[in-house]
Amino acid sequence: MKCIRCKKEAEVELKSHNAAFCRDCFLHFFENQVEKAIKKHSMFSKADKVLVAVSGGKDSLTLWSVLLDLGYNADGLFINLGINNFSEIARSKVEKFAQIRKVKLITVDLVDEGISIPDVKNKTRRPVCSLCGQIKRYYFNMMGLTEGYSVLATGHNLDDEVSRLFSNVLHWKMEYLKDQSPVLPSENGLLKKVKPLYRVTEFDTSAYAFFKDLDFVDIACPFSKGATFTVYKKHLNQIEFSFPGTKIDFYQGFLKKLRPIMTNDENSRKNTCKICGYPTFSDICGVCRLKGYR
Ligand code: AMP
Ligand code: FES
Ligand code: ZN
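Going by my numbering, the residue at position 99 of the sequence shown is 360; the numbering climbs one at a time, nothing skipped.
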């Protein structure tokens, strides 16, 4: 099989793009997909200060690496979840990357904040992954705003977005569908959020991270059973195997055809937390409540 760009021997085949690439041309293709996503959705420009949420996993470290290589002004934000070994390994990978690339890394330590994930897991009966997501989003926003960033970028890829869309459609979660997008504009005291990897798959990101020799955490969070999304991803990949291109069609079809006609209801967060000022539905936000404020 030959690379469709330079005719050298291909190393990666991408059926959904009806293409095969040698290593260099694949890297070029990948970076091009990220740049396309950024431009198409006006995510940010070279003048913006971008804060990349980095977990230490392959997606977010790939994202940070690509943005730096493309010449964007991108710093990192790591939330230390306080999950023993897992968080320590993640922290060391992210710190190592920041040191090698000589870039700024901001760290928030949930143990210092009094809400480490093992702690909140024991204190409440809500599913730990949803609490963890809520706490992470809170600090993404808070740190981005207080440190003067114009936008926050996460490492969600096409598989993440498609499995979430599939789940939201299966259960007709209209309030989540309304918020599913590669870009969420800044509003109601919330920072703009973007997903520049939404056009590339988990496979593409793994290949990119491998070719670039990125050192990332490859163990799963001990709390993430992740069963539902893993099952959806598996089935969606089987469909993709039989009908290449289905995943991107499904997601882009949603963005083009359904999302624009979904109306914003009155359900948005109108209050601000009286403890920390974060937008909330009631008078104290969820994170301040976890910290013990009533
Ligand atoms: P997840 O929800 O774990 O699939 O992660 C989705 C995205 O959230 C990642 O690609 C990162 O951009 C970000 N993220 C997850 N965990 C952390 C963390 N501990 N610190 C900073 N960013 C994170
Ligand atoms: Fe949040 Fe595991 S990463 S619970
Ligand atoms: Zn609060």
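Backbone N, C-alpha and C define an ideal beta-carbon position, used for all residues, glycine too.
Asked	Found
DSSP-derived helix/strand/coil call for V444	strand
Contacting residues, own chain, Cβ-Cβ under 7 Å from L451 (five flanking each side not counted)	N402 and P540
Span of the beta strand (DSSP E) around A481	Where A481 is concerned, there is no enclosing beta strand (DSSP E), given that its DSSP letter is neither H nor E.
Within the region 354–389, ranges of the alpha helix (DSSP H) (whole runs, at least 4 residues)	378–384
Environment of R352 [buried if 16+ CB atoms lie within 10 Å]	buried
C-alpha gap between M523 and K439, whole angstroms	6 Å
Three-way DSSP call (helix, strand, coil) for T541 in this model	strand
Span separating the alpha-carbon of L392 from that of L324	24 Å
Whether Y459 touches N418 by CB criterion (8 Å)	yes
8 Å contact criterion, which L371 and L342 should meet: CB distance rounded	6 Å
Check: S485 C-beta below 7 Å from any heavy atom of the ligand FES	yes
CB-CB length for V634 against V455, believed under 8 Å	The first residue shown for the chain is 262 and the last is 555, placing residue 634 beyond what the model contains.
Meets three-Cβ-pair contact criterion under 8 Å: the region 429–437 and the region 366–382	no
Exposed unless 16 or more other CB atoms sit within 10 angstroms - verdict on F542	exposed
Bridge-paired residues (DSSP) for E274	A281
Residues proximal to the ligand ZN by C-beta, any heavy atom closer than 5 Å	C534, I536, C537, Y539, C546 and C549
Same chain, Cβ closer than 8 Å to V389, neighbours up to 5 away in sequence not counted	I378, V381, K382 and F484
Those residues which DSSP pairs with G337 across a bridge	V313 and L366
Inter-residue spacing [alpha-carbon to alpha-carbon] between L328 and H496	31 Å
Cut-off 6 Å between Cβ atoms - residues of its own chain near C286, not counting five sequence neighbours on either side	C264, R266 and C267
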